[in-house]
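K.L.:
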Amino acid sequence: MSRKSHMTRRKFLQYSAITGTGLIAVACGAQPTSPPSTPTPVLPPQATGAATAAATAAATKAATSPPAPGANLIGTLEGPTVLTDPAKIPSSFKEAPALAQLVKDGKLPAVKDRLPSEPMVVQPLKEVGKYGGTWRRGFTGPADAENVNRILSADKPLFWDFAGNKIMPSLARDWKVSDDGKTTTLFLRKGVKWSDGKPFTADDWVFWYEDIYLNKDITPTPHPDMTINGKPGVLKKVDDFTVAFEFPEANYLFEDLLAGSTFIGGGQSTRQSTGNAGGGYAPAQYLKQFHAKYAGAEQADKQAKDAKFDSWVTYFKNRIDYGLNPDLPTLGAWHTTQARNTSTFVLERNPYYWVVDSDGNQLPYMDKLQLTLAENLEVLNLRAIGGEYDWQERHTDMQKLPVFIENQQKGNYTVRLDPALNGSDATLHVSQTYSADAEIAKWLRTKEFRQALSMGINRDQLNETFWLGTGKPGNCLPDPSTPFSPGAEWNDKYAKYDANAANALLDKIGLNKKDGDGFRQRTDGKGKLSLDLITVGGQFVPFTKHAEMIREQWRKIGIDANVKELERSLAFQRSKNNENQIMFWANDGSEFLFLFPRHALPVDPAECHMGQAIADWYASGGSQGMEPKDADLRKALDLFRSASGKKRDERVKIAQDIWKLIAENLWTIGTVGRSPAFMGVRIVKNNMGNVPSRQLNAQHGRTPHASLVESVFFKS
Amino acid sequence: MLTYFARRLLLAVLTTFFISILSFAIIQLPPGDYIDTYIAQLSSSGSAISREEAEALRVQYGLDQPAPVQYLLWMNKIVRGDFGISLEWQRPVSEVIGERLWLTIIVSFAAVMFTWMVALPIGIFSAVKQYSFGDYLATFIGFIGIAIPNFMLGLILMYVGFKYFNMNVGGLFSAEYQSAPWSAAKIGDLMAHLPLPTLVLGFAGMAQLIRIMRANLLDELRKPYVVTARAKGLSEMQVILKYPVRAALNPFASTVGYLLPYVVSGSIIVSLVLGLPTVGPVLLKALIAQDMFLAGTIILLLGLLTVIGTLVSDVLLMWIEPRIRFQIR
Chain A
1 MSRKSHMTRR KFLQYSAITG TGLIAVACGA QPTSPPSTPT PVLPPQATGA
51 ATAAATAAAT KAATSPPAPG ANLIGTLEGP TVLTDPAKIP SSFKEAPALA
101 QLVKDGKLPA VKDRLPSEPM VVQPLKEVGK YGGTWRRGFT GPADAENVNR
151 ILSADKPLFW DFAGNKIMPS LARDWKVSDD GKTTTLFLRK GVKWSDGKPF
201 TADDWVFWYE DIYLNKDITP TPHPDMTING KPGVLKKVDD FTVAFEFPEA
251 NYLFEDLLAG STFIGGGQST RQSTGNAGGG YAPAQYLKQF HAKYAGAEQA
301 DKQAKDAKFD SWVTYFKNRI DYGLNPDLPT LGAWHTTQAR NTSTFVLERN
351 PYYWVVDSDG NQLPYMDKLQ LTLAENLEVL NLRAIGGEYD WQERHTDMQK
401 LPVFIENQQK GNYTVRLDPA LNGSDATLHV SQTYSADAEI AKWLRTKEFR
451 QALSMGINRD QLNETFWLGT GKPGNCLPDP STPFSPGAEW NDKYAKYDAN
501 AANALLDKIG LNKKDGDGFR QRTDGKGKLS LDLITVGGQF VPFTKHAEMI
551 REQWRKIGID ANVKELERSL AFQRSKNNEN QIMFWANDGS EFLFLFPRHA
601 LPVDPAECHM GQAIADWYAS GGSQGMEPKD ADLRKALDLF RSASGKKRDE
651 RVKIAQDIWK LIAENLWTIG TVGRSPAFMG VRIVKNNMGN VPSRQLNAQH
701 GRTPHASLVE SVFFKS
Chain B
717 MLTYFARRLL LAVLTTFFIS ILSFAIIQLP PGDYIDTYIA QLSSSGSAIS
767 REEAEALRVQ YGLDQPAPVQ YLLWMNKIVR GDFGISLEWQ RPVSEVIGER
817 LWLTIIVSFA AVMFTWMVAL PIGIFSAVKQ YSFGDYLATF IGFIGIAIPN
867 FMLGLILMYV GFKYFNMNVG GLFSAEYQSA PWSAAKIGDL MAHLPLPTLV
917 LGFAGMAQLI RIMRANLLDE LRKPYVVTAR AKGLSEMQVI LKYPVRAALN
967 PFASTVGYLL PYVVSGSIIV SLVLGLPTVG PVLLKALIAQ DMFLAGTIIL
1017 LLGLLTVIGT LVSDVLLMWI EPRIRFQIR
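Quick mapping for you: the protein sequence lines, in order, are chains A and B.
If you're matching positions, the first sequence starts at 1 in the numbering used here and goes up one per residue.
If you're matching positions, the second sequence starts at 717 in the numbering used here and goes up one per residue.
This is the structure:
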């Protein structure tokens, strides 16, 4: 009895702790759950000052009398550049000392023989660096593949400049889109070698296309990236160093896909890890031994069984994952030496890396990349505070900003904030296909209702309380600095707190009966109108607390709401079944509308919180799902569909028109965004060089790859 | 005697079978599957895959099959000693668990030893010296130990260690030894990291054990045979240790079976908070990620160990407790 009760008690504590992580927060005395009427900063006064001052550093620089600590947390966007002028290619090359020794011992070819005739040349941000050192980072386990995928993103065919606006060469030295838009040609760098020294050629692209993409066992269904309006495109080898993508219709968007974080343009590291098989090319010479077509189905299956895999396909997908298979030839700056599914993920410099700095030094500068497993985010953040990481922008929690700042000297690091470009971190996705309660469904589909809800939100209070003043209040539209923005004046549309206007609007649309507490009544006579706000805990920003504050704010416009925090998978499942009324989620990625539209428009069935049935309808070309009845939404979807076949200027114009429709209709209601909450709190040791004071924080920018971290180095 | 044993064994096998079904049901309970969780996870970390890629993955992992078929496929593998490949770790489940099993056993064993070595003497002391200052002190500490959830204690000690002793936080190894092969220095590093989790894990159990030992022993001390022993002139030490303490220990022996699963799973939340590379956090992560093979195997393993533990304690009781032996006959 005694021992038994001991065990159950322990278990009880454990489970109650699992279900209510809030316990810790409560026990530690976090802010109250029901928000006060005036903004209460959660920071000690001087730290709030720092954060707020940082947000408006330029404006208030002169006004603040005592210099607040860390007042320059947000710097100017900067980064290294890729030199495309052939005259800038250095004539001689240098290499890391360790590699020079290997060359001397005859174990490695000379550096000029390892580099292509047209290497990618990087002008480092500030200075030419020096070799050496291990870059220490934290990761959260095998599922955190993106942590390193992003760092190795130079293996994408094309990429962007450090500001994320202009396409730049990467693995391909150049590209060309035909006048009719049907053909996009990639010109590869001559003499690029895989990390095992074998040449990288157009045959590697053909192998991916014919034996991975067209193989029904590995890729059962065609991918939208490789089709235009449902019609498939083909990949053709032009010569050893030229490949062409040909489509039956104009596909001007394709060059953006090749540069974006997409199936076709994501690069080997990202798109062939964690079970995926995109990326456009693959090391044919190495992989053929695992492929049924070349090894024979029986032999391939036998190898898989010997390695304890079910079939050759699952084994093949394991073999093409750079993080799991150290033998796999790769093209990134560092090469796996200890796999991702262990306690330490280690990568070492790729001796055949095809990128040099402006002085002809082969990159990367740092010898090793070492990631230690953190069993939970608290441990990871504590280690960051303790100065155990050299550069960490991932998993660092913005809510801990005051502690990060406080320990800067002790940990010998500097905190930098990189605000993102997407409009809203906490976004109310209003379902257009919810149907369980006809009255609620009707209002969710009413434009004026959504406008009133939006005007009833006091975004400044949210920003001060939860973003420590570092975010920007507004609707869900992207930052005005991005090409797709229709202009700064659109970011505030229906996004200024105005309870009077909201009340007038609600009265006008027929919600004018109120009960004794001031809540508006349903029109079907079934009591007060009450909305469900669905949130998910444990994310980068505390959605549940946002929702609770918004619920309080909505009292002033007579709208009642219930906040329901659900487990993440359950919330997603309910979105899929069109069961959520309003779901809180970010709208990251929406700053580049055509590459990642799912958080702005209901077009992607993989994830859609504003109406799964409409996304199904859109993606299936009308054969499944539900046709939207909302004329404006229909117009936005038609515009979106037409964009792939339009040239860049027209496409940008279309995106602006779509954003105007979104700003007017608010299928997603933005609150506070353009903030550093997602991957924007960067902890960098003070002995590192070529560190940008602010880096591009956007999905297509593959943060931190836009800073070309292979050109970052240890000064001491 | 033999038939009793055979019956227990048969029951154990049956129970194991039901545990396997239950384990599988537990994994299937949450809505969606591993791929749904994967999509949600990607979405919250700022990246994504398309529906087509997701479907391909689902087919690859066999998640498109109906649940009973998935169960049979899983069982078919397990009876052949193959626990499958963890969906998340992409390694054989036996490797993922095996790697952490030894560390878990070391940590749990250290915690149990610490608990017993500290709690039993204190328990005896506070029973013998009932209502003394020492007893009140032990009671006070005991109640605090019971009242503070040990994950909370872990957080506090971790912060104190970081703030005042400049300890590196979390885990059982420093970064440089993390992937190093075993050596004297690595064992030294492990020893340096071990006290914190031992203390945290042991504290709550210790407090509980002190109370139980005290209560049991107090019952015994009042029995006539103790008075007889004293009257016969045995020394106080002998009087207490030889009979009442042994009798008071009986309940511990009977539940020793529960130690087995505990030693293997460790304390999940404490391991998580302290960042220990033990089986506990893997189980929690596997459940969250709906990594069915990994979670299923661990739950099955824990169930099996409970069954074995119960069997062992049945046999143990039969051996030390004559009354049970007589009943069986």
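Where a beta carbon is used, it is the ideal one built from N, C-alpha and C, also for glycine.
The structure displayed is predicted, hence computed values, not measured ones.
1) Cβ closer than 8 angstroms: which chain A residues qualify as neighbours of proline 997(B)?
2) Just to confirm before moving on: does the CB-CB distance between glutamate 210(A) and arginine 694(A) stay below 9 angstroms?
3) Specify, as a first and last residue, the run of the alpha helix (DSSP H) that isoleucine 825(B) falls within.
4) Under three-state DSSP, which class holds phenylalanine 466(A)?
5) Starting from the C-beta of serine 642(A), find all residues in its chain whose C-beta is less than 8 angstroms away, skip the five residues before and the five after it, and write them out in chain order.
6) In the region 526-569 of chain A, which residue ranges form an unbroken alpha helix (DSSP H) of at least 4 residues, counting only runs that do not cross its ends?
7) Check whether the Cβ of tyrosine 565(A) lies closer than 9 angstroms to any Cβ atom in chain B.
8) Rounding to the nearest angstrom, what Cα-Cα distance links threonine 427(A) and alanine 547(A) in this structure?
9) Taking Cβ-Cβ distances below 7 angstroms as the criterion, which residues of the region 801-819 of chain B are in contact with chain A?
10) Residues in the same chain with beta-carbon distance under 6 angstroms from phenylalanine 799(B), minus the five sequence neighbours each way, listed in chain order, please.
11) Using 9 angstroms as the threshold, is the C-beta distance between tryptophan 160(A) and tyrosine 281(A) below it?
12) Between which two residues does the alpha helix (DSSP H) harbouring arginine 651(A) extend?
13) If we cut at 9 angstroms on Cβ distances, does phenylalanine 878(B) have a partner in chain A?
14) Near lysine 447(A), which residues of its chain fall below 7 angstroms by C-beta distance, leaving aside the five closest residues on each side in sequence?
15) Taking the beta carbon of glutamine 776(B) as the centre, do at least 16 other beta carbons fall within 10 Å, making it buried, or is it exposed?
16) So, under 8 angstroms CB-CB, glycine 701(A) and alanine 374(A) are touching, yes? Tell me the CB distance rounded to an integer number of Å.
17) Indicate whether glycine 589(A) and alanine 698(A) have their beta-carbon atoms separated by less than 9 angstroms.
18) Under 8 angstroms, with one C-beta from each stretch per pair, do the region 405-412 of chain A and the region 170-178 of chain A reach the 3-pair mark?
19) Terminal residues of the continuous alpha helix (DSSP H) containing methionine 683(B)?
20) Residues of chain A with a CB under 8 angstroms from the CB of aspartate 798(B): which are they?
21) Which value, in whole angstroms, describes the spacing of the CA atoms of aspartate 789(A) and arginine 459(A)?
22) Looking at the secondary structure, which residues open and close the beta strand (DSSP E) in which tryptophan 334(A) lies?
23) Can you find at least 3 beta carbon pairs, one from the region 368-383 of chain A and one from the region 985-999 of chain B, that sit closer than 8 angstroms?
24) Give a yes or no on contact between the region 766-780 of chain B and the region 589-609 of chain A, applying the rule of three or more CB pairs nearer than 8 angstroms.
25) With a threshold of 9 angstroms between beta-carbons, can alanine 259(A) be considered close to chain B, or not?
26) Taking 8 angstroms as the cut-off, does the region 390-400 of chain A touch the region 558-570 of chain A (at least 3 CB pairs, one atom from each stretch)?
27) Report whether the distance from the Cβ of alanine 772(B) to the nearest heavy atom of the ligand ADP is below 8 angstroms.
28) Strictly under 9 angstroms for the Cβ-Cβ distance: is valine 949(B) near chain A by that measure?
29) Quick one: what's glutamine 370(A) bridged to in DSSP?
30) Below 9 angstroms on C-beta distance, what does asparagine 276(A) contact in chain B?
31) Using the Cα positions of valine 961(B) and tryptophan 818(B), report the straight-line distance between them to the nearest angstrom.
32) Could you give the distance in angstroms between the alpha-carbon of threonine 1026(B) and the alpha-carbon of methionine 874(B)?
33) Can you give the Cα-Cα distance for aspartate 310(A) and phenylalanine 263(A), rounded to whole angstroms?
34) Kindly indicate if chain A contains any beta-carbon less than 9 angstroms away from that of serine 899(B).
35) Any C-beta of chain B within less than 8 angstroms: which residues of the region 604-631 of chain A qualify?
36) Indicate whether at least one CB of chain A lies closer than 9 angstroms to the CB of methionine 833(B).
P.N.:
So, from the data block:
1) Here residue 997(B) corresponds to residue number 281 of the second sequence, with the count starting at 1. Taking a Cβ-Cβ cut-off of 8 angstroms, the neighbours of proline 997(B) in chain A comprise Glu375 and Asn376, given in sequence order.
2) Looking up residue 210(A) in the first sequence gives position 210. Looking up residue 694(A) in the first sequence gives position 694. No.
3) Along the second sequence, one-based indexing puts residue 825(B) at 109. Residue 825(B) is actually phenylalanine in this sequence, not isoleucine. Boundaries of the alpha helix (DSSP H) harbouring phenylalanine 825(B): 809-844, taken from the DSSP string.
4) Position 466 of the first sequence, counting from 1, holds the residue named residue 466(A). DSSP, reduced to helix, strand and coil, places phenylalanine 466(A) within a helical segment of the structure shown.
5) As a first step, residue 642(A) must be located in the first sequence, where it is residue number 642. Hits under 8 angstroms: Ile654.
6) Counting only runs of 4 or more, we get 543-554.
7) The residue you call residue 565(A) lines up with position 565 of the first sequence. One point to set straight first is that residue 565(A) is glutamate, not tyrosine, in the sequence displayed. By this cut-off, glutamate 565(A) is not an interface position.
8) Residue numbering aside, residue 427(A) sits at position 427 when the first sequence is read from its first letter. Residue numbering aside, residue 547(A) sits at position 547 when the first sequence is read from its first letter. Near 10 angstroms, if we compare the C-alpha coordinates of alanine 547(A) and threonine 427(A).
9) So the close ones are Ile801, Glu804, Trp805, Gln806, Arg807 and Pro808.
10) Locating residue 799(B) in the second sequence gives position 83, counting from the first residue. Val809, Ser810 and Thr1013.
11) By 1-based counting over the first sequence, the position of residue 160(A) is 160. By 1-based counting over the first sequence, the position of residue 281(A) is 281. In this structure, tryptophan 160(A) lies away from tyrosine 281(A), with their beta-carbon atoms at least 9 angstroms apart.
12) On the first sequence, position 651 is the one that residue 651(A) refers to. Run containing arginine 651(A): 648-665, per the alpha helix (DSSP H) assignment.
13) On the second sequence, residue 878(B) is found 162 positions in, with the first residue counted as 1. Chain A contact via Cβ: present.
14) As a working mapping, residue 447(A) is identified with position 447 in the first sequence. If the five residues before and after lysine 447(A) are omitted, its C-beta is found closer than 7 angstroms to the C-beta atoms of Asn665, all from its own chain and listed in chain order.
15) As a first step, residue 776(B) is located in the second sequence; it is residue number 60 there, counting from the start. Buried, by the Cβ-count rule.
16) What you label residue 701(A) is simply residue 701 of the first sequence in a count that begins at 1. What you label residue 374(A) is simply residue 374 of the first sequence in a count that begins at 1. 25 angstroms between Cβ atoms; not a contact.
17) Taking the first sequence and counting its residues from 1, one reaches residue 589(A) at position 589. Taking the first sequence and counting its residues from 1, one reaches residue 698(A) at position 698. Closer than 9 angstroms, so yes.
18) Touching, no, given that fewer than three Cβ pairs across the two stretches are closer than 8 angstroms.
19) What is shown of chain B runs 717 to 1045, which leaves residue 683(B) out entirely.
20) Here residue 798(B) refers to the residue found at position 82 when the second sequence is read from its first residue. Under the 8 angstroms cutoff, chain A gives Lys308.
21) This structure cannot settle anything about residue 789(A), because the visible part of chain A is limited to 1 through 716.
22) For the purposes of this step, residue 334(A) is taken as the residue at position 334 of the first sequence. Per DSSP, the unbroken beta strand (DSSP E) holding tryptophan 334(A) starts and ends at 334-338.
23) By the Cβ test, the region 368-383 of chain A is in contact with the region 985-999 of chain B, since at least three Cβ pairs between them sit closer than 8 angstroms.
24) Contact holds between the region 766-780 of chain B and the region 589-609 of chain A, because three or more Cβ pairs, one in each stretch, are under 8 angstroms apart.
25) The count along the first sequence starts at 1 and reaches residue 259(A) at position 259. Output row for alanine 259(A): interface = no.
26) The region 558-570 of chain A vs the region 390-400 of chain A: no contact.
27) No copy of the ligand ADP appears in this structure; indeed no ligand is present at all.
28) As a first step, residue 949(B) must be located in the second sequence, where it is residue number 233. Looking at the sequence shown, residue 949(B) is not valine but glycine. Residue-level contact by beta carbon fails for glycine 949(B) and chain A, as no gap is shorter than 9 angstroms.
29) On the first sequence, residue 370(A) is found 370 positions in, with the first residue counted as 1. In the DSSP assignment, the residues bridged to glutamine 370(A) are Arg136(A) and Val346(A).
30) The sequence position of residue 276(A) within the first sequence is 276, counting from 1. Listed along chain B, the residues sitting closer than 9 angstroms to asparagine 276(A) by beta-carbon distance are Ile765, Glu769, Ala772 and Leu773.
31) One-based indexing of the second sequence puts residue 961(B) at position 245. One-based indexing of the second sequence puts residue 818(B) at position 102. Rounded to whole angstroms, valine 961(B) to tryptophan 818(B) spans 33 angstroms at the Cα level.
32) Stepping through the second sequence from its first residue, residue 1026(B) is reached at position 310. Stepping through the second sequence from its first residue, residue 874(B) is reached at position 158. Just so you know, the alpha carbons of threonine 1026(B) and methionine 874(B) end up roughly 36 angstroms apart.
33) Numbered from 1 along the first sequence, position 310 holds the residue referred to as residue 310(A). Numbered from 1 along the first sequence, position 263 holds the residue referred to as residue 263(A). Looking at the two C-alpha atoms, the distance is approximately 25 angstroms.
34) In the second sequence, counting from the first residue as 1, residue 899(B) sits at position 183. The beta carbon of serine 899(B) does not come within 9 angstroms of any beta carbon belonging to chain A, so the residue lies off that interface.
35) Those would be Asp604, Pro605, Ala606, Glu607 and Ala619, in chain order.
36) Residue numbering aside, residue 833(B) sits at position 117 when the second sequence is read from its first letter. For methionine 833(B), the answer is no, since every Cβ of chain A falls outside 9 angstroms of its Cβ.
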